[in-house]
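For reference, the structure discussed in these notes is given below.
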Amino acid sequence: MKHIADAFKRDKALIAYICAGDPTPDATTKIVHALIRAGADLIELGLPFSDPIADGPTIQAASQRSLQAGMNPDLFFDLVKTLPKTIPYAVMTYYNLIFHRGTMTFAKDCRNHGIAGIIVPDLPPEEADELGEACKKYNLDLIHFIAPTTTPERIERIIQSSSGFIYLVARLGVTGAREDLEDRTKSLIQQVHTDIPKAVGFGISNPQQAKEIINAGADGIIVGSAIVDMIARNTDDINKAVEEIETLTRKLKEGITR
Amino acid sequence: MENNKKSKFGKYGGQFVPEVLMPALYELEESYKKYKEDPQFIAELHDYRSNFAGRPTPLYHARRLSKEYGITVYLKREDLVHGGAHKLNNTIGQTLLAKYMGKKRIIAETGAGQHGTAAAMAASSIGIPSEIYMGAKDIKRQEMNVYRMKLLGAKVHTVTSGSQTLKDAINEAMRDWATNVETTFYVLGSIVGPHPYPAMVHDFQSIIGNEAKAQILEKEGRLPDSIIACTGGGSNAMGIFHPFLNEDVELYAIEAGGSGLKTTKTAALHSASLCVGEDGVLHGARTKILQDKYGQILESSSIAPGLDYAGVGPELSRLVDCGRVIADNIQDFEALEAFHELSQLEGIIPALESSHAVAYLKKADDLGDLVIINVSGRGDKDLNTVMDRGI
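Chains as they are written, first to last, in the numbering used here: chain A, 1408 to 1665; chain B, 114 to 504.
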């Protein structure tokens, strides 16, 4: 099984998010293969939650589609098990699903099915002791966030408790594709001094933004809503979505490769 | 990172929010600590409470109701607070705090529209723009309150995500807050959400219990045997319970039993999180919640929109676990009976929410000889619902 760190070893990392089971588990498998062909270095698989407070309309809708199609944590792990393990995977989900399954059980299931890291948008480090223990026991990375509002003292403390990579939130607010890049995103990248790779997400949708972020000193970019938008537009013709996603992913990868 | 023990009620509570909001929660906690001791803030809050909200509210001896049940029943008249419910106690406090913190706008979620209305009232009297998030389903069934909020100058946002009710309105308000956190104050309507909200709202609502305690001692020369309050998130219950926690008084938190304590695949037919909910994390806090076997949040249900919520305040979860507060529930039909009973026996039309507390008089085994019921709001807003069902 690949580790999160492997994604950052060769080059700058392209991290792609999709919601597992959106619109079906089969579609997820096809899209994962396309992402890998196009050069994705790490895939974040969303395990959909009924009340995703950190997500904008695009990923909320993806979660709804997936839940309506019957996705649940058991099916999620079944699906993950069948995916090619040439790159590492992280699960992105909300804390109640982890808490309800039991932090130890959840971590163990991740380990047994080929998930190398856990990303929980509603779990700040203050509340992460229990899941942190479980991740340590099963050799998983628990990914923490740094936001534009995070104070310098907090940044230090978050770096201390991080492994795998640090998720830099590019802008205030929720997930969702944007065209521009804020100046404060670049200054945030420069404020975070650590050997742990820094990947930037929230609002990144095109190669130009990706390039600027890498030039500002990031080790990776995270693209979610822009990919999920392509699924949303093509739920009845998933091959078309796969094609569009593969093209976008290649362009993004070119954008971050020097 | 060290665990934030101060923010927990036993194992409940906490701060399960996105990192972008964490600094704002610390800022809120610091500011609240500072201003609640500030003489100017205290004086201004007192003025709003007395001259704008209409406090203190009476503690009324319900003579005919008492006769009906053979015990002495007092009603704490929060229905007489400006706006028609206890909600203003909290919104005045938080909106004033927003002003002292220099925030440029307030946002709030609302289910029935009572908290939204109270937030809009506080905002226009204090002079801060307000925006209210409300589920599309609730907007449809609470037309009058939507109009009231607009009349008061608030901007009302229709929430079309999820189940289009209160929990989705909270989700959307939290998303707005995450986006505008530097300039915006989120006025949360109950003792729910991340620390310090449950503690702060409990403080602002404790005025209900403080008044009731002094009033019952003056009228009866002793403390009551029991206090009954309806419970959705739990702010009116915690508000009246708090000053009695260390007294020999039974405290009853009455939840919405809806059409019975059953669930379908994605929905509960009730809102009784204290009675049958399980340990979980929702809207920033660990508490008892209604969820399916995987931890997905169930839609809740009640005839009383203010009780229609899948979670409950973390402090109440702890007080129920340790046996200090007794949780029970009242079904829709029983609440409707009590709505009529209080209207006809006492000339007071209670909110359907408060009707759950009134209905408990009939259901309870033994409440003792002296009981206080918290009439958290008035029922004018519910006339359409009740008219649909017939007298």
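The beta carbon of each residue, even a glycine, is placed where N, CA and C say it ideally should be. Just so we're clear, the structure is a prediction, and the values are computed from it rather than from any experiment.
is_contact[residue i, chain A] using C-beta, thresh 7 Å
i, result
"residue 114 of chain B", "Reliability fails at residue 114 of chain B, whose pLDDT of 48 lies under 50, so the model's placement of it is uncertain and no value is given."
"residue 410 of chain B", "yes"
"residue 129 of chain B", "yes"
"residue 288 of chain B", "yes"
"residue 133 of chain B", "yes"
"residue 274 of chain B", "yes"
Contacts of residue i in chain B (Cβ-Cβ under 8 Å)
i, result
"residue 1592 of chain A", "Residues of chain B passing the Cβ test: none, with the nearest at roughly 13 Å."
"residue 1424 of chain A", "By Cβ distance, chain B contributes nothing, its closest Cβ being about 16 Å from residue 1424 of chain A, past 8 Å."
"residue 1508 of chain A", "407, 408"
Interface partners of residue i on chain B, CB under 7 Å
i, result
"residue 1479 of chain A", "407"
"residue 1534 of chain A", "127, 128, 129"
"residue 1604 of chain A", "Those do not exist, as residue 1604 of chain A stays about 18 Å from chain B at its closest Cβ, beyond 7 Å."
Separation of residue j from residue i, as counted between CA atoms
i, j, result
"residue 501 of chain B", "residue 262 of chain B", "24 Å"
"residue 458 of chain B", "residue 471 of chain B", "12 Å"
"residue 430 of chain B", "residue 221 of chain B", "24 Å"
"residue 247 of chain B", "residue 1408 of chain A", "46 Å"
"residue 115 of chain B", "residue 1533 of chain A", "Summary for residue 115 of chain B: the model assigns pLDDT 47, below 50, so the residue's position carries little reliability; its value from the coordinates is reported in the next sentence. The straight-line gap from Cα to Cα measures roughly 6 Å."
"residue 1508 of chain A", "residue 410 of chain B", "14 Å"
"residue 1537 of chain A", "residue 1449 of chain A", "25 Å"
"residue 1512 of chain A", "residue 240 of chain B", "51 Å"
"residue 1542 of chain A", "residue 1621 of chain A", "29 Å"
"residue 1424 of chain A", "residue 1649 of chain A", "14 Å"
"residue 1478 of chain A", "residue 1658 of chain A", "31 Å"
"residue 230 of chain B", "residue 258 of chain B", "7 Å"
"residue 242 of chain B", "residue 1435 of chain A", "44 Å"
"residue 280 of chain B", "residue 1645 of chain A", "32 Å"
"residue 1521 of chain A", "residue 1482 of chain A", "14 Å"
"residue 1420 of chain A", "residue 1604 of chain A", "9 Å"
"residue 497 of chain B", "residue 1444 of chain A", "60 Å"
"residue 519 of chain B", "residue 348 of chain B", "Because residue 519 of chain B is not part of the residues shown, which for chain B are 114 to 504, the question remains open."
"residue 302 of chain B", "residue 232 of chain B", "9 Å"
"residue 226 of chain B", "residue 197 of chain B", "11 Å"
"residue 234 of chain B", "residue 400 of chain B", "30 Å"
"residue 314 of chain B", "residue 187 of chain B", "24 Å"
"residue 461 of chain B", "residue 192 of chain B", "9 Å"
"residue 1527 of chain A", "residue 406 of chain B", "20 Å"
"residue 1618 of chain A", "residue 368 of chain B", "55 Å"
"residue 1633 of chain A", "residue 1584 of chain A", "5 Å"
"residue 1453 of chain A", "residue 1473 of chain A", "10 Å"
"residue 1553 of chain A", "residue 285 of chain B", "22 Å"
Residues that residue i contacts on chain A, provided the C-beta gap is smaller than 7 Å
i, result
"residue 284 of chain B", "1458, 1460"
"residue 280 of chain B", "1458"
Where residue i meets chain B, residues with beta-carbon distance less than 9 Å
i, result
"residue 1430 of chain A", "Neighbours of residue 1430 of chain A on chain B: none; closest Cβ ~18 Å, over 9 Å."
"residue 1640 of chain A", "What residue 1640 of chain A touches in chain B: nothing, since even the nearest Cβ is about 19 Å away."
Beta-carbon separation (whole angstroms), residue i vs residue j, contact threshold 8 Å
i, j, result
"residue 1610 of chain A", "residue 292 of chain B", "That pair is no contact at about 11 Å."
"residue 1578 of chain A", "residue 1545 of chain A", "Rounded, the Cβ-Cβ distance is 33 Å, inconsistent with contact."
"residue 447 of chain B", "residue 476 of chain B", "7 Å"
"residue 134 of chain B", "residue 294 of chain B", "6 Å"
"residue 398 of chain B", "residue 413 of chain B", "Contact doesn't hold; Cβ gap of about 16 Å is too wide."
"residue 1642 of chain A", "residue 1442 of chain A", "18 Å between Cβ atoms; not a contact."
"residue 1429 of chain A", "residue 1638 of chain A", "6 Å"
Beta carbon proximity, residue i to chain B, threshold 7 Å
i, result
"residue 1467 of chain A", "yes"
"residue 1498 of chain A", "no"
"residue 1600 of chain A", "no"
"residue 1504 of chain A", "yes"
"residue 1614 of chain A", "no"
"residue 1531 of chain A", "yes"
9 Å Cβ cut-off: residues of chain A touching residue i
i, result
"residue 136 of chain B", "1554, 1556, 1557, 1558, 1561"
"residue 292 of chain B", "1578, 1579, 1580, 1581"
Cutoff 7 Å: residue i Cβ touching any chain D Cβ
i, result
"residue 1528 of chain A", "In summary, chain D is missing from the structure at hand, where the protein chains are A and B."
Closer than 6 Å: residue i CB and nearest the ligand SAM heavy atom
i, result
"residue 481 of chain B", "Ligands displayed in this structure: none; no statement on the ligand SAM is therefore possible."
Cβ-based contacts, 9 Å cut-off: residues of the region 391-404 of chain B near chain A
Cβ contacts with chain A come from 391, 392, 393, 394, 395, 396, 397, 399, 402, 404.
Compile a chain-ordered list of the residues in the region 224-239 of chain B whose CB is closer than 7 Å to at least one CB of chain A.
none
At a Cβ cut of 9 Å, what residues of the region 243-267 of chain B count as close to chain A, listed as they run along the chain?
none
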